[in-house]
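Chains as they are written, first to last, in this note's numbering: chain A, 3 to 37; chain B, 659 to 790.
Structure, rendered in structure tokens:
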């Protein structure tokens, strides 16, 4: 039971790591001259 | 514009709205994208940029009398000394991971259309998205 819990916590941590390390989440621009 | 941006390294998605001249670039999961390259690719596609903003995570660091926002060891911008920067400094957020929305470029009013991509070196913190 405890092993199951540890494994699910590890999976959860793995899923969270990429978003926590994301450096730039979004770039937004207003541009001119687009037709 | 969309094709030029989607060819860039690190870009997951580029959305272009013709109606309001808005371009939103979403990086891949690691967020490793170079705003200068995004700017260059936009100019290469034949349009000029009026404003550029990023939402990013990084650390605010003091370097002499300057304040730097470091996104990774190779990417940093000098943070303009505005109200938000002062607030972060007084909160003791220096050296801690923060998330913010910041303006990297704003074309001066009434200035003629620029033909080459401007060099990005400073960030004006617009909004603090997440703190330490």
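The beta carbon of each residue, even a glycine, is placed where N, CA and C say it ideally should be.
Quick caveat, the model's predicted, so the values are computed rather than measured.
Query	Result
Residue 760/B classed as buried or exposed, judged by whether at least 16 other C-beta atoms fall within 10 angstroms	buried
Residue-level contact to chain B via CB, residue 27/A, 8 Å cutoff	yes
Own chain residues within Cβ distance below 7 Å of residue 671/B, not counting five before or after	684
Beta-bridge pairing of residue 685/B - partner residues as DSSP gives them	669/B
Residue 689/B, buried or exposed, once every other Cβ within 10 Å from all chains shown has been counted against 16	buried
Residue 766/B burial status per 10 Å Cβ neighbour count (16 or more: buried)	exposed
Whether residue 726/B touches residue 736/B by CB criterion (8 Å)	yes
Pick from 789/B, 784/B and 752/B that is closest to residue 711/B, judged by C-alpha positions	784/B
Proximity test, Cβ basis, 8 Å: residue 730/B and chain A	yes
Neighbouring residues, chain A, relative to residue 747/B (Cβ below 8 Å)	Simply none; closest approach about 22 Å.
Nearest to residue 777/B (by Cα), restricted to the options 762/B, 704/B, 674/B and 667/B	762/B
Whether residue 33/A touches residue 705/B by CB criterion (8 Å)	yes
Same chain only: Cβ atoms within 7 Å of residue 786/B, ignoring 5 sequence neighbours per side	742, 746, 756 and 758
Coil, strand or helix - residue 791/B by DSSP	Outside the shown range of chain B, which is 659 to 790, sits residue 791/B, and nothing can be said about it.
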